[in-house]
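Enquirer: The numbers in UniProt numbering rise by one with no breaks, and the one at position 160 of the sequence shown is 160. Each residue gets a CB set at the ideal place from its N, CA and C atoms; glycine is no exception.
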Amino acid sequence: MEHALMIRQDESTQDMERRQLQMLQKLRIELMRLQHQTELENQEEYNGRRQRELHRKHTLEQRQQPRNLKTLEMQIKKQFQDTCKVQNKQYKALRNHQLEVSPKGDHKTILKSLKEEQTRKLAILAEQYEQSINEMMASQAMRLDAEQETECQALKQQLKQEMELLDAYQRKTKSQMETQHEREQQKLEQKVSIRRAHLEQKIEEELAALQKERTEKIKHLLERQDREINAFDTESRSLGFGSLGSLDFPKEDNR
1 MEHALMIRQD ESTQDMERRQ LQMLQKLRIE LMRLQHQTEL ENQEEYNGRR QRELHRKHTL
61 EQRQQPRNLK TLEMQIKKQF QDTCKVQNKQ YKALRNHQLE VSPKGDHKTI LKSLKEEQTR
121 KLAILAEQYE QSINEMMASQ AMRLDAEQET ECQALKQQLK QEMELLDAYQ RKTKSQMETQ
181 HEREQQKLEQ KVSIRRAHLE QKIEEELAAL QKERTEKIKH LLERQDREIN AFDTESRSLG
241 FGSLGSLDFP KEDNR
């Protein structure tokens, strides 16, 4: 009865330890799930904020582009005006020189020729000016689009890498926790097994001791009985009676 109670107590202890470990591990799993969910939400919020910031930056650049283009246009226009001034100075110097070295009768023809040449050169400069403006406008628009696209792709790649790093970190911590849980489970089962083995050994030793004690008692009883029979026989012979051991007792009918 006592041994059965000890076994039931051990089994009850096993159930309690397993439930406690299961509850602890379930709590860890839930806490990690909440932590990973929070980390993921924070990363997604960060990604959205970075994308919105870049979008605002690009919108501001698009709004500022006409002003920047106007500044560049004014620079090109100033270069054009400076070139025209130089061209006019060269024209006047050439005209004066030609008038000085040419006969007066040729002045009208010379002036007409020089004027036509000057007009042609100024027209070329004006055409170059317009072409420079158009090329500048197109190149600046393309450059801004290319720069913004490059920034978008770079940010997209950066955020993707950060998300991959977070995912790898979370998978690693989850794997480490699963390994820890397996070790805890194995340790508990080993503890339960060792304790049960010790209990069974203790019960076996107690049963063996009890059996030995019973055997010793029976042995002592038999030895005492033999001594008493021998003493009785000795006393009986001294009185002239037969020995108790020589009597033929009738056997009981088992029927």
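Tell me, to the nearest whole angstrom, how far the beta carbon of Leu165 is from that of Glu61; I am working on the premise that it is less than 8 Å.
Expert: At roughly 30 Å, the Cβ-Cβ gap does not stay under 8 Å, so Leu165 and Glu61 are not in contact.
Enquirer: Within this structure, are the beta carbons of Asn47 and Leu159 separated by less than 7 Å?
Expert: Going by C-beta atoms, Asn47 is nearer than 7 Å to Leu159.
Enquirer: Starting from the N-terminal side, write out each stretch of the beta strand (DSSP E) that is 3 residues or longer and does not extend beyond the segment 34-77.
Expert: Counting whole runs of 3 or more residues, the segment 34-77 contains no beta strand (DSSP E) stretch at all.
Enquirer: Just the Cα atoms here: how many angstroms apart are Gln148 and Met142?
Expert: Straight-line Cα distance between these residues: approximately 10 Å.
Enquirer: Rounded to whole angstroms, what's the CA-CA distance from Asn254 to Glu11? Just pull it up for me.
Expert: Any reading at Asn254 must be qualified, since the residue scores a pLDDT of 44, below 50, and its modelled position is unreliable; the value itself is stated next. Roughly 47 Å between the two C-alpha positions.
Enquirer: What separation, rounded to the nearest whole angstrom, lies between the Cα atoms of Leu207 and Ile218?
Expert: Going by the C-alpha atoms only, they are around 16 Å apart.
Enquirer: Which ranges does the alpha helix (DSSP H) cover as unbroken runs of at least 4 residues, wholly within the segment 117-148, from first to last along the chain?
Expert: Runs found: none.
Enquirer: Identify, in the order they occur along the chain, each residue of the same chain with its Cβ nearer than 7 Å to the Cβ of Gln196, setting aside the five sequence neighbours on each side.
Expert: According to the sequence provided, residue 196 is Arg. The question's Gln does not apply to it. Counting only Cβ-Cβ distances below 7 Å, and skipping sequence neighbours, we find Asp10.
Enquirer: Are Leu114 and Arg95 closer than 7 Å when you measure CB to CB?
Expert: In contact: Leu114 and Arg95 (Cβ atoms closer than 7 Å).
Enquirer: Thinking C-beta only, is Gln170 closer than 7 Å to His36?
Expert: Yes. Within cutoff.
Enquirer: Suppose you measure from the CA of Leu188 to the CA of Met23; what does that come to, to the nearest Å?
Expert: Rounded to whole angstroms, Leu188 to Met23 spans 14 Å at the Cα level.
Enquirer: If you pair each beta-carbon of the segment 82-91 with each one of the segment 118-136, do three or more pairs fall below 8 Å?
Expert: In short, these stretches touch, since the Cβ pair count reaches three.
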